[in-house]
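Top to bottom, those sequences are chains A and B.
Each residue of the first sequence is one higher than the one before, counting from 96 in the numbering used here.
Each residue of the second sequence is one higher than the one before, counting from 96 in the numbering used here.
Where a beta carbon is used, it is the ideal one built from N, C-alpha and C, also for glycine.
Quick caveat: nothing in here was measured; it's all calculated off a predicted structure.
Number of protein chains: 2
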Amino acid sequence: MTTTPIQPTATVRELIRDHYGVLTQSERKFAQALLDSYPAAGLASITIVAANAGVSTPTVARMVQKLGFKGYPQFHQALLKELEAKVSGPTQRRANWASEAPATHHLNRFAQAVTQNLEQTFANIDSDGFDQAARDLADTSGRLYVVGGRITRALADYAFTHFQAVRERVTHMTASSATWPHYLLDMTEGDTLLMFDIRRYETNLLRLAELATARGVRVVLITDQWVSPIADLARHTFNCWVEIPSAWDSNVSTMMLLEALIAAAQEERWPATRERYERLDALFNATRLFQK
Amino acid sequence: MTTTPIQPTATVRELIRDHYGVLTQSERKFAQALLDSYPAAGLASITIVAANAGVSTPTVARMVQKLGFKGYPQFHQALLKELEAKVSGPTQRRANWASEAPATHHLNRFAQAVTQNLEQTFANIDSDGFDQAARDLADTSGRLYVVGGRITRALADYAFTHFQAVRERVTHMTASSATWPHYLLDMTEGDTLLMFDIRRYETNLLRLAELATARGVRVVLITDQWVSPIADLARHTFNCWVEIPSAWDSNVSTMMLLEALIAAAQEERWPATRERYERLDALFNATRLFQK
DNA sequence: ATATTTATGTCAATATGTTTTCAGGGCGGA
DNA sequence: TCCGCCCTGAAAACATATTGACATAAATAT
Numbered sequence: 096m097t098t099t100p101i102q103p104t105a106t107v108r109e110l111i112r113d114h115y116g117v118l119t120q121s122e123r124k125f126a127q128a129l130l131d132s133y134p135a136a137g138l139a140s141i142t143i144v145a146a147n148a149g150v151s152t153p154t155v156a157r158m159v160q161k162l163g164f165k166g167y168p169q170f171h172q173a174l175l176k177e178l179e180a181k182v183s184g185p186t187q188r189r190a191n192w193a194s195e196a197p198a199t200h201h202l203n204r205f206a207q208a209v210t211q212n213l214e215q216t217f218a219n220i221d222s223d224g225f226d227q228a229a230r231d232l233a234d235t236s237g238r239l240y241v242v243g244g245r246i247t248r249a250l251a252d253y254a255f256t257h258f259q260a261v262r263e264r265v266t267h268m269t270a271s272s273a274t275w276p277h278y279l280l281d282m283t284e285g286d287t288l289l290m291f292d293i294r295r296y297e298t299n300l301l302r303l304a305e306l307a308t309a310r311g312v313r314v315v316l317i318t319d320q321w322v323s324p325i326a327d328l329a330r331h332t333f334n335c336w337v338e339i340p341s342a343w344d345s346n347v348s349t350m351m352l353l354e355a356l357i358a359a360a361q362e363e364r365w366p367a368t369r370e371r372y373e374r375l376d377a378l379f380n381a382t383r384l385f386q387k
Numbered sequence: 096m097t098t099t100p101i102q103p104t105a106t107v108r109e110l111i112r113d114h115y116g117v118l119t120q121s122e123r124k125f126a127q128a129l130l131d132s133y134p135a136a137g138l139a140s141i142t143i144v145a146a147n148a149g150v151s152t153p154t155v156a157r158m159v160q161k162l163g164f165k166g167y168p169q170f171h172q173a174l175l176k177e178l179e180a181k182v183s184g185p186t187q188r189r190a191n192w193a194s195e196a197p198a199t200h201h202l203n204r205f206a207q208a209v210t211q212n213l214e215q216t217f218a219n220i221d222s223d224g225f226d227q228a229a230r231d232l233a234d235t236s237g238r239l240y241v242v243g244g245r246i247t248r249a250l251a252d253y254a255f256t257h258f259q260a261v262r263e264r265v266t267h268m269t270a271s272s273a274t275w276p277h278y279l280l281d282m283t284e285g286d287t288l289l290m291f292d293i294r295r296y297e298t299n300l301l302r303l304a305e306l307a308t309a310r311g312v313r314v315v316l317i318t319d320q321w322v323s324p325i326a327d328l329a330r331h332t333f334n335c336w337v338e339i340p341s342a343w344d345s346n347v348s349t350m351m352l353l354e355a356l357i358a359a360a361q362e363e364r365w366p367a368t369r370e371r372y373e374r375l376d377a378l379f380n381a382t383r384l385f386q387k
């Protein structure tokens, strides 16, 4: 009997090596097959795994017990855990930011939540869709309208300020929905509407999206992880993870996505934008002279 | 109406995103749970996985069929394949943001810059100063004024919206400096002024800071890594790292810091804030009734 | 307010996966 | 060559996972 006090952290690979001496011929055959394409060869059901290695199921079952597992399911789990750890490795390292604040400080919990949100948000961006959306936002053959909700109004404003520097023909639709019909009146096919809709989703915005798409306007939607109903109408939808330990939702990830889109749109029409920036700068300098 | 010809290479994550519209409420619940700890939350048996997400097994089964899998086992397999591919794929993906975007894609460079900015910003926060600033911002014995510059106006607006929910006596000083004297008129000792000043620093804001501090107002300054001249006058200064690969500065870290401050201020006066939130909510519901 | 549709969970059946039992067979030793 | 041990896989027994049918609950429209 093998009284092998294996550390709980031992990998299956190590377990096999340590127990290789007590394995029988066909058990070794399976062990080799597993090590050959590790850990893929151990991830399916015992039946399949055994067949692939050219041995019988009882052989596998007996072997994993020799390795110290109660049964095949436990062995299977162990392999999965290893695989997972391998993938999630670097992420966890970054979770603890370098700061003198104690780990329990509000700031740390906050930072961790924000990091997660950014990761999730980023992982859910479809890069092709992103590129297309950037192209739509940069397309000056049509107008660009920007609109936000109660909270996201500020983001829409930010978007407006920057897009105005990137391109001409940009309009910020103010939050007061009473004035929206005026804008709608002039919307035509080829125009783009950048919308922000974070929960709690606003009926006004949905109506606006309906009317705009009916007029052939392309909608680019920035929403949260629970997805605004506008998504059904939008040409491009981006989901931002927004949960933080507080009574309201974070817009850090929203901001990141927005800035990424602005940056991409800027790149899209670089020579023109560069010229705009220079002219804008000159104008600011002129204004500054007045103030002095 | 799911005639969605998904490429065979689509990840489960993408499948979820693409089919999110047709998912029901509890299916979404499971989808979120899966995305939350992806792909770990999908690797066990359907029974366990469903229980962890707080839904029934048929819900999960129905969902994976909506995603285009024949049954749960196929879904399970697909997740495994992904995980495997990730491990065996390009060794040590440096960027380690889990995204399908190629490493050279704009998005990846952007994400990396933002991450660095957040780290730097966070590392430079003095947690005691942070706590004090939060207390100042939450102190309702004086008024709270918020002001920003040309670009940061949007952030000031965001701050205003949230602080208004947290406490009473908040004022957003609009960007037009012509109106500032009116506000200055009423500022007294014990008031707090939250200022945003990112390069290029605005002379207007410096003048405002001078006049305000002369009246005994506490200034909380949010600036960039190169530090606005207002810092000399401010009681608390926070530096945000803002450089990204673009012609302008990023405000993602600024946003994070701002939100952290709001969250801390909220905590500072929790019972009162909670009551405010509830009243605000009730008011919104009342408004919503009008719209229907 | 009521009817209809849709979504959800409980339960049962079916299928699949896992373990145990057991008989045949290879191999070394006498 | 024969005996006995242990290895091995077939197949049965068992456990668990998966799916489908149905009833109830929720949402929506009338």
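| Selection from B:I357, B:L239, B:V347, B:A355 that minimises the alpha carbon distance to A:A355 | Within the first sequence, numbered from 1, the residue matching residue 355 of chain A stands at position 260. Selected option, being the one with the closest Cα: B:V347.
| message | Spatial neighbours of A:S236 within its chain, please: C-beta separation below 7 angstroms, excluding the five flanking residues on both sides. | response | By 1-based counting over the first sequence, the position of residue 236 of chain A is 141. Cβ within range, chain order: G285.
| query | Quick one: does B:N334 have its CB under 8 angstroms from some CB of chain A? | reply | Taking the second sequence and counting its residues from 1, the one referred to as residue 334 of chain B is at position 239. B:N334 does not count as touching chain A.
| Just by C-beta distance, which residues in the segment 314 to 332 of chain B are closer than 7 angstroms to chain A? | none
| Given that a residue counts as buried once 16 or more other Cβ atoms are within 10 Å of its Cβ, and exposed if not, what is B:A254? | Taking the first residue of the second sequence as position 1, residue 254 of chain B is located at position 159. With 16 or more other Cβ atoms within 10 Å, it is buried.
| Is A:L375 near the ligand GTP, in the sense that its beta carbon is under 7 angstroms from a heavy atom of that ligand? | Annotation note on the ligand GTP: not contained in the displayed structure, which lists no ligands.
| query | Does the distance from the CB of A:H331 to the CB of A:Q227 come in under 8 angstroms? | reply | Here residue 331 of chain A refers to the residue found at position 236 of the first sequence. Here residue 227 of chain A refers to the residue found at position 132 of the first sequence. Contact flag set, yes.
| Do you know offhand how far A:R189's Cα is from B:F205's? | Taking the first residue of the first sequence as 1, we reach residue 189 of chain A at position 94. Taking the first residue of the second sequence as 1, we reach residue 205 of chain B at position 110. Caution is warranted here: a pLDDT of 45 is assigned to A:R189, below 50, making its placement in the model unreliable, and the coordinate value is therefore given only provisionally. Between A:R189 and B:F205, the C-alpha separation is close to 17 angstroms.
| task | Classify A:D221 as helix, strand or coil using the three-state DSSP reduction. | result | What you label residue 221 of chain A is simply residue 126 of the first sequence in a count that begins at 1. Coil at A:D221, not helix or strand.
| Closest Cα partner of A:F125 within the set A:V242, A:T154, A:L202, A:L353 | For the purposes of this step, residue 125 of chain A is taken as residue 30 along the first sequence, with counting starting at 1. Out of A:V242, A:T154, A:L202, A:L353, A:T154 has the C-alpha closest to the C-alpha of A:F125.
| field | Proximity test, Cβ basis, 8 angstroms: B:G116 and chain A | value | Locating residue 116 of chain B in the second sequence gives position 21, where the first residue counts as 1. Interface residue, yes.
| task | State buried or exposed for A:G243, treating a residue as buried only when at least 16 other CB atoms are found within 10 Å of its CB. | result | For this step, residue 243 of chain A is matched to residue 148 along the first sequence. Classification for A:G243: buried.
| Straight-line CA distance for B:Y278 to B:V312? | Numbered from its first residue, the second sequence carries residue 278 of chain B at position 183. Numbered from its first residue, the second sequence carries residue 312 of chain B at position 217. Cα to Cα, the separation comes out at about 12 angstroms.
| request: Specify, as a first and last residue, the run of the alpha helix (DSSP H) that A:H114 falls within. | output: Along the first sequence, one-based indexing puts residue 114 of chain A at 19. Counting along the chain, the alpha helix (DSSP H) containing A:H114 begins and ends at 107 to 114.
| query | So which residues of chain B does A:L138 contact, with C-beta pairs closer than 8 angstroms? | reply | As a working mapping, residue 138 of chain A is identified with position 43 in the first sequence. Going along chain B in sequence order, the residues near A:L138 (Cβ under 8 angstroms) are L175, E179.
| Contact list for A:Y253 against chain B, beta-carbon separation under 7 angstroms | By 1-based counting over the first sequence, the position of residue 253 of chain A is 158. Here the neighbours are A249.
| query | Hey, how far is the Cα of A:S345 from the Cα of A:R248? | reply | The residue labelled residue 345 of chain A in the question sits at position 250 within the first sequence. The residue labelled residue 248 of chain A in the question sits at position 153 within the first sequence. Taking the straight line from one Cα to the other gives about 14 angstroms.
| said: Looking at the strands, I want to know which residues DSSP matches up with B:Y240. | reply: Here residue 240 of chain B corresponds to residue number 145 of the second sequence, with the count starting at 1. Its beta-bridge partners are B:T266, B:L288.
| Taking B:A260 as the reference, which of B:L110, B:V117, B:R374 has the closest Cα? | The sequence position of residue 260 of chain B within the second sequence is 165, counting from 1. If we check each option's Cα against that of B:A260, B:R374 comes out closest.
| task | Taking B:I339 as the query, report the chain A residues whose CB atoms sit under 8 angstroms from its CB, ordered along the chain. | result | In the second sequence, the residue the question calls residue 339 of chain B occupies position 244. Those are E354, A358, listed as they occur along chain A.
| field | Spatially closest choice to B:S151 from B:L300, B:E122, B:L175, B:F170, by CA coordinates | value | Sequence index remark: in the second sequence, residue 151 of chain B carries index 56 (1-based). Looking at the Cα atoms, B:E122 is the closest of the given residues.
| message | Let me confirm a value: B:P134 is counted as buried when at least 16 other C-beta atoms fall within 10 Å, else exposed. Which label applies? | response | As a first step, residue 134 of chain B is located in the second sequence; it is residue number 39 there, counting from the start. So B:P134 ends up on the buried side.
| Short check: CB of B:E297 to CB of B:R262, under 8 angstroms? | In the second sequence, residue 297 of chain B corresponds to position 202, counting from 1. In the second sequence, residue 262 of chain B corresponds to position 167, counting from 1. No, the Cβ-Cβ distance between B:E297 and B:R262 is not below 8 angstroms.
| field | Beta-carbon gap between A:N219 and B:R108 smaller than 8 angstroms | value | For the purposes of this step, residue 219 of chain A is taken as the residue at position 124 of the first sequence. For the purposes of this step, residue 108 of chain B is taken as the residue at position 13 of the second sequence. In contact: A:N219 and B:R108 (Cβ atoms closer than 8 angstroms).
| Helix or strand or just coil, what does DSSP make of B:N299? | Taking the second sequence and counting its residues from 1, the one referred to as residue 299 of chain B is at position 204. B:N299 falls in the helix class under three-state DSSP.
| Would A:F225 count as contacting chain B if we go by Cβ distances under 8 angstroms? | Position 130 of the first sequence, counted from the start, is the residue given in the question as residue 225 of chain A. By this cut-off, A:F225 is an interface position.
| Mind pulling the chain A residues with CB within less than 9 angstroms of B:Y372? | In the second sequence, residue 372 of chain B corresponds to position 277, counting from 1. Correct list: A342, W343.
| For B:G166, the nearest candidate out of B:L175, B:A156, B:L174 (CA to CA) | For the purposes of this step, residue 166 of chain B is identified with residue 71 of the second sequence, where counting begins at 1. The shortest Cα separation from B:G166 among B:L175, B:A156, B:L174 belongs to B:A156.
| Proximal residues, the segment 201 to 229 of chain B versus chain A, C-beta separation under 8 angstroms | H201, L202, F205, A206, V209, T210, L213, E214, F217, A218, I220, D221, S222, F225
| request: Rounded to whole angstroms, what's the CA-CA distance from B:V159 to B:F170? Just pull it up for me. | output: Taking the second sequence and counting its residues from 1, the one referred to as residue 159 of chain B is at position 64. Taking the second sequence and counting its residues from 1, the one referred to as residue 170 of chain B is at position 75. Those two C-alpha atoms are separated by around 6 angstroms.
| message | Quick check on B:H331: does DSSP put it in helix, strand or coil? | response | For the purposes of this step, residue 331 of chain B is taken as residue 236 along the second sequence, with counting starting at 1. DSSP places B:H331 in strand when its eight states are reduced to three.
| task | Let me know the secondary structure DSSP gives B:D319 once reduced to three states. | result | Here the question's residue 319 of chain B lines up with position 224 in the second sequence. If DSSP states are grouped into helix, strand and coil, B:D319 belongs with the strands.
| query | What's the gap between the Cα of B:D281 and the Cα of A:N380? | reply | Working through the second sequence from its first residue, we reach residue 281 of chain B at position 186. Working through the first sequence from its first residue, we reach residue 380 of chain A at position 285. So the two alpha carbons sit approximately 32 angstroms from each other.
| said: Distance check for B:L316 and B:H201, CA to CA, integer angstroms please. | reply: Counting from one through the second sequence, the residue named residue 201 of chain B turns up at place 106. Counting from one through the second sequence, the residue named residue 316 of chain B turns up at place 221. Rounded to the nearest angstrom, the two C-alpha atoms are 32 angstroms apart.
| First through last residue of the alpha helix (DSSP H) which encompasses A:A156 | The count along the first sequence starts at 1 and reaches residue 156 of chain A at position 61. From DSSP, the alpha helix (DSSP H) with A:A156 extends over 152 to 161.
| query | Identify the residues that DSSP records as bridge partners of A:V314: which are they? | reply | Against the first sequence, residue 314 of chain A aligns to sequence position 219. Beta-bridge pairing links A:V314 to A:L288.
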